[in-house]
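First residue of the sequence shown? That's -4 in the numbering used here, and the numbers climb one at a time after it.
Below is one structure, written out as structure tokens; the observations come after it.
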Amino acid sequence: NIVPKISAPVQQFLVQRGAHVKEGQLVAVLEDRDLIAAAQESQGLYQQA
-4 NIVPKISAPV
6 QQFLVQRGAH
16 VKEGQLVAVL
26 EDRDLIAAAQ
36 ESQGLYQQA
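Put into structure tokens, the structure is as follows:
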């Protein structure tokens, strides 16, 4: 089983279903749009403080 460190929609799968993968191999790219927006919001709040 593969468990991501964050929860986000998958943007792209980099391996086919059933393919053998190695430990540490990148298997998917997650969307980062929401993470970038949250980071920018946090940075703005930090700068206002």
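Built from N, CA and C at the ideal position, the CB exists for glycine as well.
Between Q11 and V24, the C-beta spacing is not below 8 Å. With distances taken between CA atoms, K0 lies nearest to L30 out of L30, A44, S37, Y41.
Counting along the chain, the unbroken alpha helix (DSSP H) around Q43 starts and ends at 28 to 43. Taking C-beta separations shorter than 8 Å and ignoring five residues to either side along the sequence, the partners of V22 in its chain run I(-3), F8, L9, V10, V16, following chain order.
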